[in-house]
Ligand code: ADP
Ligand code: GLC
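In my numbering, the protein residues as written are 3 to 482.
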């Protein structure tokens, strides 16, 4: 099949979260199975400066209608792997910036223009290249208007650009909602500003566009697919999602074993396998040392890597500060995010420097070291569409402590609920829930044979993309 992927992040070029990993692995795996992959990405500064892209071919100039003006840009293209072409939609005014979506203080004021331009750039390039894709697959709100813009262009120019469109919701909490006054930039028909269109409480919701107008919708776990049809998790779009319940399916992301595999990982100081865990002990010592602790510490080490936001339950960890003060354990956190949570964590680390360490930065190497060197991985998310770290943890022999929500519920088995198959500890995403989870972890750590059995099972988990990609292939074929 000729498959187009459009997303605002793609590992290793630009990443703020799991979206980048998921789109990269999905594209690479599909290409590996013989499909032709065309991937669109905004030409952010980090991407155009990447060694893969510096010699990119400048294929075409873009002239995009944005309301009553035309804006220019260009497409730069390169091929990072056989059967994969990446097209960068470039316009320096929009994308030559340090961050994809905004500064730490606030989102950029022109995000509506930036992502309308991106989606229109995708459509224009498909038209120019006469690509005639079997599937155009857009991800998250940044590509929400793509199905609409694509069909509109087809009508306008009497051509076929794609047989079917697919839209994936990676996180319904980010919806791309902008004042309705920005809608004119889309040049879409006025009737789409109504309730059956992109209107959301008087504003324009790009996410809603994707959900209503793509031929098929996916999200990143079966549990999240059910949850987002309820008011608790639907972020106001539960009715819209439920209206497409026939066409929505939850497919759990996999993990890229070339990058996340303790036997071959080049970012950790020693490699290991389930049969020989010596390397894990070396990683643990290194992690403790790098975090300012005694590398010989023998009690439990809790690791955490995430965006520091409420979604990830960082405040629940803070509410359980007493646990880390009371017990002789170590907590090692890597993350950046909301200032309030960063300062509270920094304060906790300053108050308890002998037990709690915070690395307040983006650090790919450290994220691997925490996965490898910890005994437990803490992930008390309030909601989690899929989540990747709980899967990384398992294959690295680090037992996940997770909230029973979304993809976490689909990829971890609780050790009390199923003692024969358990791979982690689950709880409800509340202060008390996490407190209970931490106590259970402590108990498990003291029961060495049991702890080892859980670790061994976790490491044997199969989180490969193969099964998921076959499900996507089935979905594409079925849609067509
Ligand atoms: P989300 O996309 O909601 O942030 P995921 O679990 O899907 O959550 O993916 C998060 C990804 O980002 C993981 O690969 C994780 O290791 C990585 N990550 C998060 N924070 C950092 C950080 N400070 N440094 C390096 N990697 C990070
Ligand atoms: C989003 C979700 C996360 C998911 C990732 C990749 O960022 O928050 O749960 O793993 O997308 O699909």
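Think of the CB as a built atom: it goes at the ideal place given N, C-alpha and C, for glycine as much as any other residue.
Reference residue i; option with closest CA among the options
{"i": "residue 73", "options": "278, 188, 180, 342", "result": "188"}
{"i": "residue 248", "options": "37, 228, 261", "result": "228"}
{"i": "residue 459", "options": "445, 443, 422, 476", "result": "422"}
{"i": "residue 462", "options": "265, 238, 351", "result": "265"}
{"i": "residue 88", "options": "10, 275, 288, 394", "result": "10"}
{"i": "residue 40", "options": "31, 47, 48", "result": "31"}
{"i": "residue 186", "options": "233, 18, 69, 293", "result": "69"}
{"i": "residue 212", "options": "425, 18, 443, 243", "result": "243"}
{"i": "residue 304", "options": "241, 440, 173", "result": "440"}
{"i": "residue 417", "options": "385, 390, 454", "result": "454"}
{"i": "residue 208", "options": "346, 411, 121, 447", "result": "121"}
{"i": "residue 294", "options": "373, 382, 356", "result": "356"}
{"i": "residue 323", "options": "37, 308, 354, 112", "result": "354"}
{"i": "residue 170", "options": "178, 143, 404", "result": "143"}
{"i": "residue 252", "options": "235, 360, 260, 221", "result": "221"}
{"i": "residue 116", "options": "131, 91, 126, 128", "result": "91"}
{"i": "residue 431", "options": "141, 385, 393, 414", "result": "385"}
{"i": "residue 119", "options": "376, 234, 44, 52", "result": "44"}
{"i": "residue 53", "options": "82, 75, 37, 67", "result": "82"}
{"i": "residue 232", "options": "415, 240, 111", "result": "240"}
{"i": "residue 500", "options": "236, 381, 105", "result": "With the chain covering only 3 through 482, there is no way to say anything about residue 500."}
{"i": "residue 36", "options": "51, 442, 84, 151", "result": "84"}
{"i": "residue 234", "options": "280, 183, 174, 282", "result": "174"}
{"i": "residue 433", "options": "410, 230, 107, 319", "result": "319"}
{"i": "residue 263", "options": "306, 178, 371", "result": "371"}
{"i": "residue 475", "options": "411, 28, 444", "result": "28"}
{"i": "residue 145", "options": "414, 59, 457, 42", "result": "42"}
{"i": "residue 442", "options": "403, 473, 413, 415", "result": "403"}
{"i": "residue 254", "options": "13, 456, 33, 473", "result": "473"}
{"i": "residue 96", "options": "123, 317, 344", "result": "123"}
{"i": "residue 64", "options": "55, 56, 38, 94", "result": "94"}
{"i": "residue 223", "options": "480, 424, 413, 449", "result": "413"}
For residue i: DSSP bridge partner residues
{"i": "residue 359", "result": "334"}
{"i": "residue 416", "result": "426"}
{"i": "residue 73", "result": "66"}
{"i": "residue 187", "result": "In DSSP, residue 187 forms no bridge with anything."}
{"i": "residue 166", "result": "137"}
{"i": "residue 405", "result": "429"}
{"i": "residue 113", "result": "Its beta-bridge partners do not exist; DSSP assigns none."}
{"i": "residue 83", "result": "86"}
{"i": "residue 250", "result": "219"}
{"i": "residue 181", "result": "205"}
{"i": "residue 285", "result": "DSSP, once it has assigned bridges, lists no residue as partnering residue 285."}
{"i": "residue 379", "result": "305, 402"}
{"i": "residue 78", "result": "60, 90"}
Same chain only: Cβ atoms within 6 Å of residue i, ignoring 5 sequence neighbours per side
{"i": "residue 139", "result": "7, 168"}
{"i": "residue 61", "result": "77, 79"}
{"i": "residue 256", "result": "465, 466, 467, 470"}
{"i": "residue 349", "result": "none"}
{"i": "residue 308", "result": "314, 337"}
{"i": "residue 98", "result": "47"}
{"i": "residue 128", "result": "163"}
{"i": "residue 154", "result": "190"}
Other residues of its chain near residue i: CB distance less than 8 Å, five sequence neighbours each side excluded
{"i": "residue 419", "result": "428"}
{"i": "residue 136", "result": "3, 4, 5, 164, 165, 166, 478, 482"}
{"i": "residue 149", "result": "138, 140, 167, 169, 211, 212, 215, 216, 217"}
{"i": "residue 269", "result": "366, 367, 370, 371"}
{"i": "residue 425", "result": "396, 401, 402, 414, 415, 417, 456, 459, 460, 463"}
Sequence-distant residues of its chain with Cβ nearer than 7 Å to residue i (five each side left out)
{"i": "residue 1", "result": "This structure cannot speak to residue 1, because the chain is shown only from 3 to 482."}
{"i": "residue 48", "result": "15, 16"}
{"i": "residue 109", "result": "103"}
{"i": "residue 19", "result": "309"}
{"i": "residue 326", "result": "333, 354, 357, 358"}
{"i": "residue 351", "result": "358, 359, 360"}
{"i": "residue 272", "result": "281, 284, 285"}
Let me have the residue list for the ligand GLC: C-beta closer than 7 Å to any non-hydrogen atom, ordered along the chain. 19, 20, 21, 23, 24, 172, 173, 222, 255, 313, 386, 387, 388, 389, 390, 408, 409
With a cut-off of 8 Å, do at least 3 Cβ pairs link the stretch 150 to 161 to the stretch 18 to 38? no
Report yes or no: do three or more beta-carbon pairs, one from the stretch 325 to 343 and one from the stretch 298 to 305, lie closer than 8 Å? yes
Is the number of C-beta pairs between the stretch 363 to 371 and the stretch 189 to 205 that are closer than 8 Å three or more? no
contact_flag[the stretch 265 to 283, the stretch 190 to 198] where n(CB pairs < 8 Å) is 3 or more: no
Touching or not, the stretch 286 to 293 and the stretch 385 to 401, by the rule of three or more beta carbon pairs under 8 Å? no
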